[in-house]
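Chains as they are written, first to last, in this note's numbering: chain A, 4 to 332; chain B, 4 to 332; chain C, 4 to 332.
Every residue, glycine too, gets a C-beta built ideally from N, C-alpha and C.
Structure record follows, encoded as structure tokens.
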Amino acid sequence: MSEIDHRPGSQIKGGAVFPHRHLLGIAGLQPHELLFLLDEAEQWIDMNRAASKHDGRLEGLTQINAFFENSTRTLLSFEIAGKRLGADVVNMAAATSSLKKGETLIDTAVTLNAMRADVIVIRHAASGAVGLIADKVDCPVLNAGDGRHEHPTQALLDALTIRRRRGSIAGQIVAICGDILHSRVARSNILALTSLAAQVRVIAPPTLMPPAIEELGVTTFTDFDKGLEGADVVMMLRLQNERMSGGFIPSTREFHALYGLTAERLKRAAPDALVMHPGPMNRGVEITSEVADMPGRSAITEQVEMGVAVRMACLDILTRRARKVEGWA
Amino acid sequence: MSEIDHRPGSQIKGGAVFPHRHLLGIAGLQPHELLFLLDEAEQWIDMNRAASKHDGRLEGLTQINAFFENSTRTLLSFEIAGKRLGADVVNMAAATSSLKKGETLIDTAVTLNAMRADVIVIRHAASGAVGLIADKVDCPVLNAGDGRHEHPTQALLDALTIRRRRGSIAGQIVAICGDILHSRVARSNILALTSLAAQVRVIAPPTLMPPAIEELGVTTFTDFDKGLEGADVVMMLRLQNERMSGGFIPSTREFHALYGLTAERLKRAAPDALVMHPGPMNRGVEITSEVADMPGRSAITEQVEMGVAVRMACLDILTRRARKVEGWA
Amino acid sequence: MSEIDHRPGSQIKGGAVFPHRHLLGIAGLQPHELLFLLDEAEQWIDMNRAASKHDGRLEGLTQINAFFENSTRTLLSFEIAGKRLGADVVNMAAATSSLKKGETLIDTAVTLNAMRADVIVIRHAASGAVGLIADKVDCPVLNAGDGRHEHPTQALLDALTIRRRRGSIAGQIVAICGDILHSRVARSNILALTSLAAQVRVIAPPTLMPPAIEELGVTTFTDFDKGLEGADVVMMLRLQNERMSGGFIPSTREFHALYGLTAERLKRAAPDALVMHPGPMNRGVEITSEVADMPGRSAITEQVEMGVAVRMACLDILTRRARKVEGWA
Numbered sequence: 004m005s006e007i008d009h010r011p012g013s014q015i016k017g018g019a020v021f022p023h024r025h026l027l028g029i030a031g032l033q034p035h036e037l038l039f040l041l042d043e044a045e046q047w048i049d050m051n052r053a054a055s056k057h058d059g060r061l062e063g064l065t066q067i068n069a070f071f072e073n074s075t076r077t078l079l080s081f082e083i084a085g086k087r088l089g090a091d092v093v094n095m096a097a098a099t100s101s102l103k104k105g106e107t108l109i110d111t112a113v114t115l116n117a118m119r120a121d122v123i124v125i126r127h128a129a130s131g132a133v134g135l136i137a138d139k140v141d142c143p144v145l146n147a148g149d150g151r152h153e154h155p156t157q158a159l160l161d162a163l164t165i166r167r168r169r170g171s172i173a174g175q176i177v178a179i180c181g182d183i184l185h186s187r188v189a190r191s192n193i194l195a196l197t198s199l200a201a202q203v204r205v206i207a208p209p210t211l212m213p214p215a216i217e218e219l220g221v222t223t224f225t226d227f228d229k230g231l232e233g234a235d236v237v238m239m240l241r242l243q244n245e246r247m248s249g250g251f252i253p254s255t256r257e258f259h260a261l262y263g264l265t266a267e268r269l270k271r272a273a274p275d276a277l278v279m280h281p282g283p284m285n286r287g288v289e290i291t292s293e294v295a296d297m298p299g300r301s302a303i304t305e306q307v308e309m310g311v312a313v314r315m316a317c318l319d320i321l322t323r324r325a326r327k328v329e330g331w332a
Numbered sequence: 004m005s006e007i008d009h010r011p012g013s014q015i016k017g018g019a020v021f022p023h024r025h026l027l028g029i030a031g032l033q034p035h036e037l038l039f040l041l042d043e044a045e046q047w048i049d050m051n052r053a054a055s056k057h058d059g060r061l062e063g064l065t066q067i068n069a070f071f072e073n074s075t076r077t078l079l080s081f082e083i084a085g086k087r088l089g090a091d092v093v094n095m096a097a098a099t100s101s102l103k104k105g106e107t108l109i110d111t112a113v114t115l116n117a118m119r120a121d122v123i124v125i126r127h128a129a130s131g132a133v134g135l136i137a138d139k140v141d142c143p144v145l146n147a148g149d150g151r152h153e154h155p156t157q158a159l160l161d162a163l164t165i166r167r168r169r170g171s172i173a174g175q176i177v178a179i180c181g182d183i184l185h186s187r188v189a190r191s192n193i194l195a196l197t198s199l200a201a202q203v204r205v206i207a208p209p210t211l212m213p214p215a216i217e218e219l220g221v222t223t224f225t226d227f228d229k230g231l232e233g234a235d236v237v238m239m240l241r242l243q244n245e246r247m248s249g250g251f252i253p254s255t256r257e258f259h260a261l262y263g264l265t266a267e268r269l270k271r272a273a274p275d276a277l278v279m280h281p282g283p284m285n286r287g288v289e290i291t292s293e294v295a296d297m298p299g300r301s302a303i304t305e306q307v308e309m310g311v312a313v314r315m316a317c318l319d320i321l322t323r324r325a326r327k328v329e330g331w332a
Numbered sequence: 004m005s006e007i008d009h010r011p012g013s014q015i016k017g018g019a020v021f022p023h024r025h026l027l028g029i030a031g032l033q034p035h036e037l038l039f040l041l042d043e044a045e046q047w048i049d050m051n052r053a054a055s056k057h058d059g060r061l062e063g064l065t066q067i068n069a070f071f072e073n074s075t076r077t078l079l080s081f082e083i084a085g086k087r088l089g090a091d092v093v094n095m096a097a098a099t100s101s102l103k104k105g106e107t108l109i110d111t112a113v114t115l116n117a118m119r120a121d122v123i124v125i126r127h128a129a130s131g132a133v134g135l136i137a138d139k140v141d142c143p144v145l146n147a148g149d150g151r152h153e154h155p156t157q158a159l160l161d162a163l164t165i166r167r168r169r170g171s172i173a174g175q176i177v178a179i180c181g182d183i184l185h186s187r188v189a190r191s192n193i194l195a196l197t198s199l200a201a202q203v204r205v206i207a208p209p210t211l212m213p214p215a216i217e218e219l220g221v222t223t224f225t226d227f228d229k230g231l232e233g234a235d236v237v238m239m240l241r242l243q244n245e246r247m248s249g250g251f252i253p254s255t256r257e258f259h260a261l262y263g264l265t266a267e268r269l270k271r272a273a274p275d276a277l278v279m280h281p282g283p284m285n286r287g288v289e290i291t292s293e294v295a296d297m298p299g300r301s302a303i304t305e306q307v308e309m310g311v312a313v314r315m316a317c318l319d320i321l322t323r324r325a326r327k328v329e330g331w332a
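Following this line, the structure appears as structure tokens:
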């Protein structure tokens, strides 16, 4: 399944194949480690499609989802992932959090740790907040999105979707289009896809293109039509509501005219190019319904499905050390 | 237990006795199907009264409660029902929903489906929204109340309460009183009770009486006292807060004077008439505390208990096909 | 482990050692009953530190956490406690509660009871509200904090922390400092610690000292420095945000100067005095970071850990009668 054998001669096994305590980002992960995560996710896709979706390997473990920033989809995905693995899953709601009482983030982290959490999944509006927490706790921490920094499980689920639909990631021309500047999804995807040898193009209006982004090994375009030319995968980003009325774009109407993916425009990509979007979509803004729902081309629903599988794999792998799985203890 | 034998000569079995994929409303259900649901609920009443309340038949199944409209009681009831059956139950909070980010309802539905939900319970403020979702997903959908349309499990729990307390539904004179116009509870109850051969009367101020309601086979009254005459069951509806200050009623005080159920007024009903209310009650508005708490007469608490049992039955029955229960696969 | 043998000659066993149906407060509990709860909590500390944290004794039981007042930490602690014991745990969110629809507290309680809850954990802003609910339900009720009245599990976890860190509770000089007037934590701690023969001092500005508090067997101080003299345990209270801007204290700056625990001030206490805080802390107001994080002295994190263990013990013990545990049925 993998393009790179991450266990050459089966010499790398157990914990050695993924020696990281946390999953804070794609940065710092080796290509064979990324592929290991994708390979492990495959088994959960099958289980999730079965009538009974239960595996008891996380029984007796407490998973705390600490979402300081609202996210219905990602929270649901992690909650379902943990429960299907048998964990005791507890959500800490941001809106009612002690943080509102003036407690520091570190104190909250130390509190969750003292309750003997076995894995903590965190989303936070501040870049780096998740790493800060990871330094203070004894259990693995999973980044579910922190500021403009990273959203590693989104990149993993996107990579898995591409690999399954296109057969491979290496060599694929992937065009990522939209608000690159503010997007942790774009950032994690660029890191993962370039690491796995895809040719990554980023397309954005000049105001939404990060400076020096080329250093990450991508080609930049401000002209959507040119950037789409021959692309195998077109990955649209969500235009955040707060940008729509800001100074970054003149209007959603103009944004759509210049950077919205239409069926007409999609013709510039490869004939069988895959269309992706992390959701939730603004239909009619960054993508038209015709493209979003195009049979055989849109992989948007599959991305959601891959999300649960990838999160199950990450929860499983990161807790193996504590569970004393053979080769990981 | 049933008044109608819904399995004549045991010839109708398994899936044939309840061939519906979803439970979207009482409309479209046959009397023997309604009675089948009530009969199935009986077993859960007993289990819920026992020291241990667990049955593993939904183990490995993911139940998503997607409440786009707040409802503490109904959500609790469905959550408890699913957990007692062993399902992995996940709540999707409306307040933090992706819908707030501009996502369409259909996209949310498709997302829940892609996470491989096995049953989705939905409450939504728009009539028909639940049916719309049901069309887009692969799993059974349970309507927990949609706009002014239907609230089928409420009607089922009310029917079960009446059957247990009065011995039968057929032939009972049931007076439903209050804001009939806006009430999905009234609508589902009218459909269920007339289908099961009760004599249904509806009592409301002219501004809160739906036009042409007689076509559903009910008798209408604008005079509460006349409508109560000899009733076996008096079912009061909740006066929604938003009506109280609207143009529909002059004042809650006047509403109470004309349409509030008092002990004095209850004397007009049958001597042992049952008092029901779907909750939460506005004590002193549509019902006095004396009546709400009247021993031997008020069935309000029992309605809540029947709610859990009815919802367990619905969750069980609707998932039988996927669980490949013999005769249902 | 206990200082007092609560099972003299093993003659007191089972339900006789803890004959209470509810845990509404420390008031009314005998010293040997308090010690029994602490002793029982010890086993859960060990389990919670193990790789797998699961005990099935509450399987088939429904625990409802009804938090009418927000509290992230306490809710998390009770939710984790119940799930580790195998209960079906359901949270009733205050913000979306039927109470908002005008329902009375009693009606909510009766509703939870009708759903056949096996144990209800309640937090409420009104003193006595929890006791009111306990009178109306058939299952054990656990007070998770009611108004200015009591917060018994907080006192128990504090007592357990002191016993483990100081070897004993009897004879310890415990200084409780801060907003004694409004604090249910202070009140429950005073009751528990005096009952277990600690010497309790309370330290507060005159505006935040309850009248006649000496009747509870404590010594009062308005001078922090004098109250600290030789204390074995310094228990700081949280300064509630709503007090900070009220007429009770001149300013948080002045409060800190007079009643904030600093490293310098801590020197007045016993050389190895323990520092405690129920959290969440206002660092720099009632306590400095230097003290809060002082190695070997601060027990603040341990308090959180003891909280889960104490709550597991309470949930276990209170449900023994219903579970027909030998000697308790």
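Rounded to a whole number of angstroms, what is the C-alpha to C-alpha distance between alanine 53 (chain A) and isoleucine 123 (chain B)?
-> 17 Å
Buried or exposed (CB count within 10 angstroms, at least 16 for buried), glutamate 289 (chain A) = buried
Which chain A residues are close to glycine 63 (chain B), counting only those with a beta carbon under 7 Å from its beta carbon?
-> Ser55, Lys56 and His57
Euclidean distance between Cα positions of glutamine 66 (chain A) and glycine 59 (chain B) | 22 Å
Determine, using beta-carbon pairs with one atom in the segment 140-160 of chain C and one in the segment 310-329 of chain B, whether at least three such pairs fall under 8 Å.
-> no
Note down the Cα distance separating aspartate 275 (chain C) from serine 301 (chain C), rounded to an integer number of angstroms.
-> 10 Å
Output the boundary residues of the beta strand (DSSP E) element that contains isoleucine 176 (chain A).
-> 176-180
Closest Cβ-Cβ distance between threonine 322 (chain A) and chain B: below 8 Å?
-> no
Determine, using beta carbons only, whether alanine 132 (chain B) and glycine 148 (chain B) come nearer to each other than 8 Å.
-> no
If we ignore side chains and look at the alpha-carbon of each, how far apart do glutamine 175 (chain B) and arginine 271 (chain B) end up?
-> 16 Å
On a CA-only basis, which of C:His259, C:Thr223, C:Pro214 and C:Leu88 is nearest histidine 57 (chain C)? Give me that one, please.
-> C:Leu88
Please state if the CB of aspartate 182 (chain B) and the CB of arginine 268 (chain B) are separated by a distance shorter than 8 Å.
-> no
On the three-pair Cβ rule with 8 Å, is the segment 290-309 of chain C touching the segment 205-218 of chain C?
-> no
In whole angstroms, what separates the C-alpha of leucine 184 (chain B) from that of leucine 27 (chain B)?
-> 20 Å
Curious, which full-length alpha helix (DSSP H) runs of at least 4 residues does the segment 220-256 of chain A contain?
-> 227-231 and 244-247
Smallest Cα separation from aspartate 138 (chain A): which of A:His25, A:Ala19 and A:Asp296?
-> A:His25
How would you label threonine 265 (chain B), buried or exposed, when you count the other beta carbons within 10 angstroms and need 16 or more for buried?
-> exposed
Is serine 101 (chain B) close to chain A, meaning its C-beta is less than 8 Å from at least one C-beta of that chain?
-> Model confidence at serine 101 (chain B) stands at a pLDDT of 49, short of 50, so the residue's coordinates are unreliable; what they give is reported in the following sentence. Closer than 8 Å: yes.
Min CB distance threonine 291 (chain B) to chain C below 8 Å | no
If you compare alpha carbons, which of C:Thr107, C:Glu82 and C:Ala332 is closest to serine 292 (chain B)?
-> C:Thr107
Are the segment 159-178 of chain B and the segment 37-51 of chain B touching by the rule of at least three beta carbon pairs closer than 8 Å?
-> yes
Counting only the same chain and skipping the five closest in sequence on each side, list residues whose C-beta sits under 6 Å from that of methionine 297 (chain B).
-> none
Distance, Cα to Cα, proline 253 (chain C) vs leucine 261 (chain C)?
-> 11 Å
Look up threonine 65 (chain C) in the DSSP assignment and give the residues it is bridged to.
-> C:Asp91
Apart from the five residues just before and just after methionine 212 (chain A), which ones in its own chain have a Cβ nearer than 8 Å to its Cβ?
-> Ile183, Leu184, Val205, Thr223 and Thr225
Let me know if arginine 286 (chain C) comes out buried or exposed under the rule of 16 or more other beta-carbons within 10 Å of its beta-carbon.
-> buried
Taking serine 80 (chain A) and glycine 310 (chain A) to be in contact with their CB atoms under 8 Å, please state how far apart those CB atoms are, rounded to whole angstroms.
-> 5 Å
For phenylalanine 251 (chain C), which residues of its own chain have a beta-carbon under 7 Å away from its beta-carbon, when the five flanking residues on both sides are left out?
-> Thr210 and Leu211
So, helix, strand or coil for serine 101 (chain B), using DSSP?
-> Low confidence applies here, because serine 101 (chain B) scores a pLDDT of 49, under 50, leaving its location unreliable; read the following figure in that light. In this structure, serine 101 (chain B) counts as helix in the three-state DSSP scheme.
Specify, as a first and last residue, the run of the beta strand (DSSP E) that methionine 279 (chain C) falls within.
-> 277-279
Nearest CA to the CA of threonine 156 (chain B): which residue from B:Pro281, B:Ala332 and B:Val328?
-> B:Pro281
Given a threshold of 16 other Cβ atoms within 10 Å of its Cβ, counted over all protein chains shown, does proline 348 (chain A) qualify as buried or as exposed?
-> Lying outside 4 to 332, the shown extent of chain A, residue 348 (chain A) is not represented and no answer is given.
Pick helix, strand or coil for valine 294 (chain C), following the three-state DSSP scheme.
-> helix
If you check the beta carbons only, do leucine 61 (chain A) and alanine 30 (chain A) fall under 8 Å apart?
-> no
Does alanine 316 (chain C) get closer than 8 Å to chain A when you measure Cβ to Cβ?
-> no
Under a three-way DSSP split, which group does serine 301 (chain C) fall into?
-> strand
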